[in-house]
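S.K.: Below are the C-alpha cells for one structure; questions will follow.
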Amino acid sequence: MVLSQVRRFHMEIMTTVAQIVRIVGQIPSRAYHDKVGNILKKTTEHGVYDYSYDAAYRLIQANHPTLDNETYSYDKVGNRLSDLLAGTGQWQYNARDQLINTPLNNFQYDTNGNTSQLVETASNLTTDYAYDVRQRLVSVTRGGQEGQQFVQQNTYDLENRRVKKTVQKSNDSQTTYYFYTHNGLTAEFDERGEFIQGYLYEPNSPYTTNPLVKIDKAGDSLSYSYYQNDHLGTPRNYGYTT
Numbered sequence: 007m008v009l010s011q012v013r014r015f016h017m018e019i020m021t022t023v024a025q026i027v028r029i030v031g032q033i034p035s036r037a038y039h040d041k042v043g044n045i046l047k048k049t050t051e052h053g054v055y056d057y058s059y060d061a062a063y064r065l066i067q068a069n070h071p072t073l074d075n076e077t078y079s080y081d082k083v084g085n086r087l088s089d090l091l092a093g094t095g096q097w098q099y100n101a102r103d104q105l106i107n108t109p110l111n112n113f114q115y116d117t118n119g120n121t122s123q124l125v126e127t128a129s130n131l132t133t134d135y136a137y138d139v140r141q142r143l144v145s146v147t148r149g150g151q152e153g154q155q156f157v158q159q160n161t162y163d164l165e166n167r168r169v170k171k172t173v174q175k176s177n178d179s180q181t182t183y184y185f186y187t188h189n190g191l192t193a194e195f196d197e198r199g200e201f202i203q204g205y206l207y208e209p210n211s212p213y214t215t216n217p218l219v220k221i222d223k224a225g226d227s228l229s230y231s232y233y234q235n236d237h238l239g240t241p242r243n244y245g246y247t248t
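Residue numbers are given in my numbering: position 62 of the sequence shown equals residue 68, and the series is strictly consecutive.
See below:
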C-alpha cells in the first residue's frame, strides 16, 4: 500500500515541480559579510539583524529586531560557555570537551560520544537515547508523568536514511514512513499508506538543501507552502500558502 502511494506521489511531484514559481524570491532579504565571509548584517522584512565576532571569528553577539539580543562566550578551545537566551550561568564540559551542564539541561554520553541521556533541570524529566552498532539513533525514551511519556523507534535503510518512525504515547501508536529521491526527503506517509506531507527542492542543489515547497494534505486536496532560504540553503521564512 505504501509503495503504491509512493510511486503515485513521485509521479505527481515530478509534474508539479515544473509548474511551481518560486515566489519566495520576491521577499526582500540582503546580507552583508566581512572579509572572511561572516555575516555582519542581514536585512529582512522583519527588520535588521546585526552580528559581532571575536578575533577567532566566533559569534559573540546577535541583535534581533523583534527578539531578545543574544550574547555568547567561549573557552580557550572554542567551547561555548554561555548563552543568555538559555539562562544565566556557565556551560560546563568534561575532559573530552563534551557539553555536560547548561542552565537548562544536563547531558550524559556513551563511549562512542553519542548523547545517551538528557535531563531537564527545571522539571527533572529524563530522555534516554539508544543507538545501533552503526551509531544511528534507534530509540528515544522520555519519562515523566502521564501525557509526557513517549517512546520513539527509528528504522534505517542501507544508506543510513531514516525510513520509518514509530511513536508510542500511552495507548496510542503512530508510524510514519519516509520516502527519498536524489534531492532528499521527499514524502511522508502514515501506517495506512496515506500521504501526510511532501517537499520539493530547487534543482541541482546539494542534498536536502534549498527546499522550495512543502506540500500538505488538506482533505482530498493538497496545499502548498513556500520557503525562503538563506545563502546556505537553509529555510528562514515559511508560511506562504496557496
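Built from N, CA and C at the ideal position, the CB exists for glycine as well.
1) Between the alpha carbons of GLN158 and ASP103, how many angstroms are there, rounded?
2) Do you know how far the Cα of VAL139 is from the Cα of TYR183?
3) Given LYS223, which residues of its chain have a CB within under 6 Å of its CB, disregarding the five upstream and five downstream residues?
4) Thinking just about the alpha-carbon of each residue, which of SER176, ILE66, ARG36 is nearest to the one in GLY150?
5) Could you check where the beta strand (DSSP E) with HIS39 kicks off and where it finishes?
6) Leaving out the 5 sequence neighbours to the left and right, which residues in its chain are closer than 6 Å to TYR213 when beta-carbon positions are compared?
7) Name the DSSP beta bridge partners of TYR142, please?
8) Nearest by alpha-carbon distance to GLY119: which of GLN141, ASP60, ASP134 is it?
9) So, with DSSP's three-state summary, where would you put LEU131?
10) Ends of the beta strand (DSSP E) at VAL42?
11) Could you spell out the range, first to last residue, of the beta strand (DSSP E) harbouring THR182?
12) State buried or exposed for THR192, treating a residue as buried only when at least 16 other CB atoms are found within 10 Å of its CB.
13) Find the nearest neighbour of GLN174 within the set ASP236, SER145, VAL83, ASN216, judged by alpha-carbon distance.
M.R.: According to the structure shown:
1) 28 Å
2) 22 Å
3) PHE201
4) SER176
5) 36-39
6) GLY190
7) Per the sequence shown, the amino acid found at residue 142 is Arg instead of Tyr. In the DSSP output, where bridge partners are listed per residue, ARG142 has none listed.
8) GLN141
9) coil
10) Unbroken run through VAL42: none, as it is neither H nor E.
11) 178-187
12) buried
13) SER145
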